[in-house]
Structures are given as C-alpha cells and as structure tokens.
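See below for the structure under consideration.
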Amino acid sequence: MLYQEDQVIATRPKKVIYRDGDTVVKLFSADYSKASVLNEALNQARVEETDLNIPRILEVFKEGEQWAIRSDYIEGKTLQQLMDENPEKKDEYLRQLVELQMLIHTKRAPLLTKLKDKMHRKISDSKFEATV
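Note that the numbering used here has the sequence shown beginning at 43, numbered continuously upward.
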C-alpha cells in the first residue's frame, strides 16, 4: 500500500508515521534492521501488559523492502499543540505531564530491559572513553 503525504503524522530519522484509518503505521527506512523493528514491537507489547493507555501493536509486516509496525490510533492532540493553543495553561499541562510520569514509574514491566542496562550497553558500544 502506498501512503499519501496527507497521511503523515510525524517524520523521524529513519521512519515516517502515517495515519491509516483507525490505525497508525510506522514505516521504517529500508536500512533499518529487522531485529530493531521487532525489538521495538516487543518492548511496546511488554508495556501493553500494564494498564497504561497506550496504542496496542496490531501487526508487524513488510511493505516492499521496508519493515512496518501497525498500532491503534488514539485520537487527541499533542502536548505541544495544546500548549500552542492555550499558552495560559502551560503550567497546568506541565503538572499533568509530571503526574503522568509519576504514574508511569509506578508500573512494572518485568521483561522490559532496564534503562540502566540499555544505556550501559550503548555507552560500551560507543567509541567514547570510559573516563573523562
């Protein structure tokens, strides 16, 4: 399926996110590894096991030579859109964001890789020296 420009929700390095009816398709560039796409889908599936209101993964598939993840579309506005439309409510939105972050930190997803381990691996794989 070919996606149209008017379906683009967001563009990120190596991926474009499209709205497709009541779903979202995240289409990865052809050089994005299969393992990375599957790992992203697995991590999101692990977080789905909490009761957080997040989009569910519906499928992982190939679109030509590119991998894609289809998930639920959740209607709403981004925090940036809300703050742009209601600058007088920025403090309220930031308070809600902090409350949401605190709620997220109360959830457990035991199979999810710990951020500490992920960052350690990324630093170890980099070309930076261990000490400064």
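For glycine and all other residues, C-beta sits at the position ideal for the given N, C-alpha and C.
As the structure is a prediction and not an experimental result, all values here were calculated from the model.
(message) Run through the DSSP bridge pairs and tell me what Arg-112 is partnered with.
(response) Val-67 and Glu-101
(request) Report the rounded CA-to-CA distance for Tyr-157 versus Glu-127, giving the unit in angstroms. (result) A small fix is needed here, since residue 157 is Leu in this sequence, not Tyr. Cα-Cα distance, rounded: 34 Å.
(request) Using DSSP bridges, identify the partner residues of Tyr-60. (result) Val-50 and Val-67
(message) Looking at the secondary structure, which residues open and close the alpha helix (DSSP H) in which Arg-163 lies?
(response) 157-167
(request) Tell me whether the beta-carbon of Ile-99 lies closer than 8 Å to the beta-carbon of Gln-108. (result) no
(message) Please identify the residue among Ser-71, Leu-44, Gly-63 and Asp-64 whose C-alpha is closest to the C-alpha of Thr-53.
(response) Ser-71
(message) Is the separation between the beta-carbon of Ala-110 and that of Leu-80 shorter than 8 Å?
(response) no
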